[in-house]
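Quick notes on the structure that follows.
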Amino acid sequence: MLKPFIALFVISGLAAPALAMDSPFYVGGQVSATKLKETDSSESISFDFTTLSVLAGYQFNPYVAAEVRFGTGVKGERYREPGYLEELTVDQQSMLLLKAGVPLSDNFSLYGLAGYGASKFKYEVQNEGFRFTDSETLDGFAWGVGAGLKFTPRLTATLEYLQLPQERFRDGSDSYKLKANNLSLGINYQF
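Mature numbering (1 follows the signal peptide of the UniProt record, and there is no 0) puts the sequence shown at residues -20 to -1, 1 to 171.
Take a look at the structure:
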């Protein structure tokens, strides 16, 4: 019974110096307020969502990093009455971003983001035996700005605004535009 604990103690003692070395890799998580705005020639409607994302990054130097992000919606827009349900959610988000930063002090930095982003929105209606599901993916160029505050040499909190891809659709003589953005709070851990 004591042998596994001794083995774990020895392994962690050997691994600690390796983990103490600075690594360019980091991981993190974000919670985002995602907004989708639909605009046509006569009106504009906005929908609000909450998304959770995980990210992994590589810090090339103190000024430039690359990140990959994957997220999913945890709260969407919902309308319900007896026998009827209408729901709009963020099915998934994925991004590949280049991050360029300016350290203003040892603990605080500002940065810009640019790269590829994709957000898949899912729409579902259920009405007494009838069910309709549709989805729309907005993908393309994404950009944003953010700030990072280091609590420890390895732990950084982030606040960021990211403009997600937008698309314009045409249906006969009608046209409309879908535009989305994220306002995010996050935490990153540098290895």
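Built from N, CA and C at the ideal position, the CB exists for glycine as well.
With fewer than three CB-CB distances shorter than 8 Å, the stretch 34 to 42 does not count as touching the stretch 57 to 70. With respect to Thr30, Val48 sits apart: the two C-beta atoms are not nearer than 8 Å. Straight-line spacing of the CA atoms in Ser24 and Lys17 works out to 7 Å.
According to DSSP, residue pairing for Phe88 in a beta bridge involves Leu129.
Under the DSSP assignment, Gln10 falls in the beta strand (DSSP E) whose first and last residues are 5 to 20. If you look at Pro83, you'll find it in the beta strand (DSSP E) that goes 64 to 83. As a beta-bridge residue in DSSP terms, Phe149 pairs with Tyr156. Taken through DSSP and simplified to helix, strand or coil, Leu142 comes out as strand. Within the stretch 87 to 117, the beta strand (DSSP E) runs of at least 3 residues that lie entirely inside it are, in chain order, 88 to 107. A residue is called buried when at least 16 other Cβ atoms come within 10 angstroms of its Cβ; Thr136 meets this threshold and is buried. Between the stretch 83 to 92 and the stretch 104 to 121, the count of C-beta pairs closer than 8 Å stays below three; the two stretches do not touch. Tyr43 is classed as exposed because its beta carbon has fewer than 16 other beta carbons within 10 Å across all chains shown. Excluding its 5 nearest sequence neighbours in each direction, Thr69 has C-beta neighbours in its own chain below 6 Å: Gly53, Gly56, Lys102, listed in chain order.
DSSP places Phe171 outside both helix and strand once states are collapsed to three, so it counts as coil. The C-beta distance from Tyr91 to Gly51 rounds to 19 Å, too long to meet the 8 Å contact threshold.
Per DSSP, the beta-bridge partners of Tyr59 are Glu66.
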